[in-house]
Amino acid sequence: MIITNSSNTSIIRSKIQVFFDFLGDHSRYKIAYTAIALSCLSFPAISQQESSQTQEVSVSTLEEIIVTANRKEQNIQDVAGSLQAIDGDTMDQLGQVNFESYINTISSAGFTMAGNGAIKIGMRGVSNITGGSAGVTDSVSTVAVYLNDIPIQGNGPLPDLALYDLSRVEALKGPQGTLYGEGAMGGAIKMVLNPADSSGFEANVSTEASTTENGGAGYQVRSMVNIPISKDKVALRLVADYRDSSGFIDNISTGQSDVNSSDVLSLRGILNADITDKLSAELLYLHQELTLDGFSDYNPDLGDLESNLLEDRYNEVDFDLFGLTLKYSFDRANLVSSTSYWANDRNYFDRSGFTGFIANFTLEPLGLPTISVTDPQGFTINAEQNSFTQEFRLSSVGDERVDWSVGAFYRNREQKALGNDTLPTFQTINDAILADSDFYGFICSLVELTLDQCLFDSATDFFTADITERYEQLAFFGEFDYGLTENLDLTIGLRWFEEDVDVTSIQEAKALIAADFIFLDIPRKTETELKISEDGIAPRLGLSYRLSDNKMVYGLASKGFRSGGPNFESGRIPGIPESFASDELWNYELGFRGTWHGGRLVTNATLFYLDWEDIQLNATRNNSSYKANGGDASITGLEFEIAATPSDRMKIGVNLGFMDSELKSLTPDTAGLAIGSSLPNAPDFTASANFDYILSNGLYDSQMVFHIDYRYVGSQAVQAIDETAADGALVADAYSLGNAQFGFQADSWSAHLFVQNITDERAVLNRLYEGFLQPGVERRTVVRPRTFGIRLTKHF
783 MIITNSSNTS
793 IIRSKIQVFF
803 DFLGDHSRYK
813 IAYTAIALSC
823 LSFPAISQQE
833 SSQTQEVSVS
843 TLEEIIVTAN
853 RKEQNIQDVA
863 GSLQAIDGDT
873 MDQLGQVNFE
883 SYINTISSAG
893 FTMAGNGAIK
903 IGMRGVSNIT
913 GGSAGVTDSV
923 STVAVYLNDI
933 PIQGNGPLPD
943 LALYDLSRVE
953 ALKGPQGTLY
963 GEGAMGGAIK
973 MVLNPADSSG
983 FEANVSTEAS
993 TTENGGAGYQ
1003 VRSMVNIPIS
1013 KDKVALRLVA
1023 DYRDSSGFID
1033 NISTGQSDVN
1043 SSDVLSLRGI
1053 LNADITDKLS
1063 AELLYLHQEL
1073 TLDGFSDYNP
1083 DLGDLESNLL
1093 EDRYNEVDFD
1103 LFGLTLKYSF
1113 DRANLVSSTS
1123 YWANDRNYFD
1133 RSGFTGFIAN
1143 FTLEPLGLPT
1153 ISVTDPQGFT
1163 INAEQNSFTQ
1173 EFRLSSVGDE
1183 RVDWSVGAFY
1193 RNREQKALGN
1203 DTLPTFQTIN
1213 DAILADSDFY
1223 GFICSLVELT
1233 LDQCLFDSAT
1243 DFFTADITER
1253 YEQLAFFGEF
1263 DYGLTENLDL
1273 TIGLRWFEED
1283 VDVTSIQEAK
1293 ALIAADFIFL
1303 DIPRKTETEL
1313 KISEDGIAPR
1323 LGLSYRLSDN
1333 KMVYGLASKG
1343 FRSGGPNFES
1353 GRIPGIPESF
1363 ASDELWNYEL
1373 GFRGTWHGGR
1383 LVTNATLFYL
1393 DWEDIQLNAT
1403 RNNSSYKANG
1413 GDASITGLEF
1423 EIAATPSDRM
1433 KIGVNLGFMD
1443 SELKSLTPDT
1453 AGLAIGSSLP
1463 NAPDFTASAN
1473 FDYILSNGLY
1483 DSQMVFHIDY
1493 RYVGSQAVQA
1503 IDETAADGAL
1513 VADAYSLGNA
1523 QFGFQADSWS
1533 AHLFVQNITD
1543 ERAVLNRLYE
1553 GFLQPGVERR
1563 TVVRPRTFGI
1573 RLTKHF
């Protein structure tokens, strides 16, 4: 299309300039007003074009998005709930490869990432508050993560899969307990893969090269091949992705530059087969290897992106997943069987202030120099987590007055973890013990050890923890949609679950360090066995009314739940309870979903209120930390989503989230918190906007395309804190990020130049203070600095 009317061209240009102007303004809410105005004011220009008799203008509409959030295919605008979808092709074109690259485009989402890559996601202010970066003795995530119909979240950090060739990502906001079960209190993120296509051959390859300021060069190679094995019957789809990312943190103590480099290898295969006219099967295998050569945190007191830790920190994660999905079509219902198994192995080494604190109890009496902040001290963790799940689901088909889905779910999940505190100065302690063997032989006898047993065998022979957790869950669920009238629908859902938890723990202080534990009134060695069992229900009730064919209002009440777990210190520390119970919340929301101007404008809005009870929080008793059901909170919020195609050259999207969270009550042991404080990972305002424009015809039958996006995230606590007394130590300040991309795009190829983090912001993703019972130095994690790159893609 060529626009010849100069006034219309001027109007479009002026709107583009408005967009650039608001990108330069970091005011919290100005993005909201400007972007909404940009979306709405574009349509008068279209009307002028359509009424003109001298132009031939083809105005495009927004592409229809089909989702499976309710475990059935629906147009996203027909879903009576708050839901966003991100198109997989768009993600590939923009190089969005992980949670960090797209999570802030979801309104009311909070996101933090520790230096070791451990991710924590909050939706509508609901997050895993007790979750740590080590991934051991952790609560379950409050946001469910699904790959197709396979739940892949467990204890500890969420798996951050590098997925190329996605169909889409669906973000379901609010509790999804009926259909998605335990762990979906705040919402669910569902990553939907492209299936193998038996209709024809298809392949592509994409390469990317980039350079990061204060860092170095990085590259990525991604490819997909779709092979029909039997025409319209059987096909195989293979996907490979390798990414090498440059580090950008310099260690001034060792003289190493860019210590936090990383690489990811992801391999995937999907085999789809139509066995009969009624029976189909999908076999899935995925393998991913992640290696972090160093951590992405630094000490801001030293300088920009500089650290001074002597530990050779690393994180290695291997993830394997197998899935088998069978579908059988009856005359009036579809039966789905989803079977899966995944294993997540993690080898991890980080700095530990606890190590130095305990070691100094030994070094000081020996007359040796105590360990300082810059001395090597840390812990290693080898964690193996695996999960087997089986789900059967029977759903109605057709345009019946009653639309229903019932099912059964079983999961058996296990995590084994072996942790060792390390002390590289162990030989110095051994020499001092042997130099005065009579005295230290007597000290060792107090803890029933010989002199030889008081010596360190290696740097890891300090303190060990061997922990095994087993979770077994059975659930039954059903959801029914009933058409009360032609325009009014009633939704009723219910899920019942029962979970058994079986835990064994062996913790032991070794060598002379055991004496320190005696002096601290802590047993040298403890063996703990815990068994926990609980059950519950998660109901859902909704009403939706269709104002017209493309506009709907709805009301919804839903309950979310999360299982409890064990307190591993209960066998060692008097007074600590053996376990903590499940927490739950009720979500109440009113929403509107509307499509306007023949499909060229979509506006969605949701008002919600959450009442969260018995929140799993960290508590303190007898100078030891444990997990407790520590209090209640309320969360109120408002979400907006706007998408528009003012012309076939222009596309605009805006997502806004306003949120107010507050702790309403607390139990006595939750020290350090205060009633009235906001929840962590719950920014009070989030905004994102994107703008796409086709500038003109490009080279070799291509289109010249331009994309820019902007994200704003309000300040948020990264841990639960007392805001009435805090000095901001654990608060991540508000930040703004912008990205841009320009290039050429054709049916069989594309080439793009891009810049990420245009203004080179040091947007804080996490803050912590290293130390144990003493002030430590800050370790701050930020987004990747400004990065320039080129991306080339070829389709076959």
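In case it helps, the working numbering puts the sequence shown at residues 783 to 1578.
Cβ atoms here follow ideal geometry from the backbone N, Cα and C, with glycine treated the same way.
(message) Give me, in chain order, the residues of the same chain whose beta-carbon lies closer than 6 Å to that of K1576; leave out the 5 immediate sequence neighbours on both sides.
(response) So the qualifying residues of the chain are V987 and W1531.
(request) Would you mind stating whether L1579 and N1369 have Cβ atoms separated by less than 7 Å? (result) The requested residue 1579 is not part of the displayed model; the chain covers only 783 to 1578.
(message) Just to check my reading of the structure: L1092 and S1035 have Cβ atoms closer than 8 Å, yes? What is that Cβ distance to the nearest angstrom?
(response) About 6 Å separates the Cβ atoms of L1092 and S1035, confirming a contact at the 8 Å cut-off.
(message) Looking at W1124: is its Cβ nearer than 7 Å to the Cβ of I848?
(response) No; because the gap between Cβ atoms is not below 7 Å, this pair is not in contact.
(request) Tell whether a beta-carbon distance below 7 Å holds between A1190 and F1112. (result) No, they are not a contact pair.
(request) Examine the Cβ distances between the stretch 1408-1417 and the stretch 1428-1439 and report whether three or more of them are shorter than 8 Å. (result) At 8 Å Cβ cutoff, the stretches do not touch.
(request) Apply the 10 Å Cβ neighbour rule to P1465 and answer buried if 16 or more other Cβ atoms are within range, or exposed otherwise. (result) Residue burial is scored here from C-beta neighbours: P1465 has at least 16 other C-beta atoms within 10 angstroms and is therefore classed as buried.
(request) Work out the CA separation of L1233 and I723 for me, nearest whole Å. (result) Given that the chain is displayed from residue 783 to residue 1578, the structure contains no residue 723 and the question cannot be resolved.
(request) Leaving out five residues on either side along the sequence, give the residues of the same chain with a beta carbon under 6 Å from the beta carbon of V1188. (result) Excluding its 5 nearest sequence neighbours in each direction, V1188 has C-beta neighbours in its own chain below 6 Å: L1176 and G1260, listed in chain order.
(request) For R1562, count neighbouring C-beta atoms within 10 Å of its own C-beta (all shown protein chains included) and say buried if the count is 16 or more, exposed if not. (result) Burial is judged here by how many other beta carbons sit within 10 angstroms of a residue's own beta carbon; R1562 has at least 16 and is buried.
(message) Quick check: the stretch 1275-1283 against the stretch 1312-1320, are at least 3 beta-carbon pairs closer than 8 Å?
(response) Note that the stretch 1312-1320 touches the stretch 1275-1283; at least 3 beta-carbon pairs, one per stretch, sit closer than 8 Å.
(message) Using the three-state DSSP reduction, which class does S840 fall into: helix, strand or coil?
(response) Note that S840 scores 38 on pLDDT, short of 50, meaning its location in the model is unreliable and no value can be drawn from it.
(message) If we require 4 or more residues per run, which alpha helix (DSSP H) segments fall completely within the stretch 1156-1204?
(response) The DSSP assignment places no complete run of the alpha helix (DSSP H) inside the stretch 1156-1204 (cut-off: 4 residues).
(message) Looking only at its chain, what residues have a beta carbon closer than 8 Å to the beta carbon of Q856, apart from the 5 residues adjacent to it on each side?
(response) These residues qualify, in order along the chain: I848, V849 and T850.
(request) Look at the alpha carbon of I1397 and the alpha carbon of D1365, and state the distance between them as a whole number of angstroms. (result) Cα-Cα distance, rounded: 5 Å.
(request) Starting from A1363, follow the beta strand (DSSP E) in both directions and report where the run begins and ends. (result) First-last for A1363: undefined, no H or E at that position.
(message) Within a Cβ cutoff of 6 Å, which residues of the same chain sit near Y1130, ignoring the five residues on either side of it in sequence?
(response) Excluding sequence neighbours, Y1130 sits near N1097 and I1163.
(request) Could you check if T1541 is buried or exposed, using at least 16 other CB atoms within 10 Å of its CB as the buried criterion? (result) Classification for T1541: exposed.
(message) Helix, strand or coil for E882? Go by DSSP, reduced to three states.
(response) In this structure, E882 counts as helix in the three-state DSSP scheme.
(request) Could you check which residue in D1451, A970, S1470 and S1361 has the C-alpha nearest to that of E1251? (result) If we check each option's Cα against that of E1251, S1361 comes out closest.
(request) Let me know if I1011 comes out buried or exposed under the rule of 16 or more other beta-carbons within 10 Å of its beta-carbon. (result) It is exposed - the Cβ of I1011 has fewer than 16 other Cβ atoms within 10 Å.
(request) Please look up how many angstroms separate the CB atoms of N1536 and Q1523, rounded, as I've assumed it's under 8 Å. (result) For the record, residue 1536 in the displayed sequence is Phe; it is not Asn. With 8 Å as the limit, F1536 and Q1523 qualify as a contact, their Cβ atoms being about 4 Å apart.
(message) I need the DSSP call for Q935, collapsed to helix, strand or coil.
(response) DSSP places Q935 in coil when its eight states are reduced to three.
(message) Comparing C-alpha positions only, which one of L1445, A1499, A862 and Y1110 sits nearest to K1060?
(response) Among L1445, A1499, A862 and Y1110, the Cα nearest to that of K1060 is on Y1110.
(request) Measure the C-alpha to C-alpha separation of D1489 and L876 and round it to an integer number of angstroms. (result) Note on identity: in this sequence residue 1489 is His, with Asp being the wrong assignment. Between H1489 and L876, the C-alpha separation is close to 9 Å.
(request) Give the C-beta separation of F1174 and N1194 to the nearest angstrom, bearing in mind that I take them to be a contact with Cβ-Cβ under 8 Å. (result) Their Cβ separation, rounded to whole angstroms, is 16 Å, which puts F1174 and N1194 out of contact at 8 Å.
(message) Less than 7 Å between the C-beta atoms of G1419 and S890, yes or no?
(response) Yes; because the gap between Cβ atoms is below 7 Å, this pair is in contact.
(message) If you follow the beta strand (DSSP E) that N1332 is in, where does it begin and where does it stop?
(response) Per DSSP, N1332 belongs to no beta strand (DSSP E) and is neither H nor E.
(request) Would you kindly report the start and end of the unbroken alpha helix (DSSP H) that includes F1224? (result) For F1224, the uninterrupted alpha helix (DSSP H) run begins and ends at S1219 to S1227, by DSSP.
(message) Per the DSSP calculation, F1104 is bridged to which residue(s)?
(response) Beta-bridge partners of F1104 (DSSP): Y1067 and Y1123.
(message) I'd like to know whether the C-beta atoms of S1044 and G998 end up nearer to each other than 7 Å.
(response) Result no, Cβ atoms of S1044 and G998 do not sit closer than 7 Å.
(request) Name, in chain order, the residues that DSSP records as bridge partners for M1441. (result) Residue pairing for M1441: DSSP places it in a beta bridge opposite G1419.
(message) Nearest by alpha-carbon distance to V1184: which of R906, L1237, L1272 and Q1235 is it?
(response) The option with the nearest alpha carbon to V1184 is L1272.
(request) Measure the C-alpha to C-alpha separation of A896 and G1275 and round it to an integer number of angstroms. (result) Going by the C-alpha atoms only, they are around 37 Å apart.
(message) Rounded to the nearest angstrom, what separates A1499 and S1518 at their Cα positions?
(response) The alpha-carbon atoms of A1499 and S1518 are separated by roughly 17 Å.
(message) Just to confirm my understanding: we take F1570, look at its own chain, exclude 5 residues before and 5 after, and list those with CB closer than 7 Å. What are they?
(response) Exclusion of the five residues before and after F1570 leaves S992, T993 and V1537 as the residues of its chain whose Cβ lies within less than 7 Å of its Cβ.
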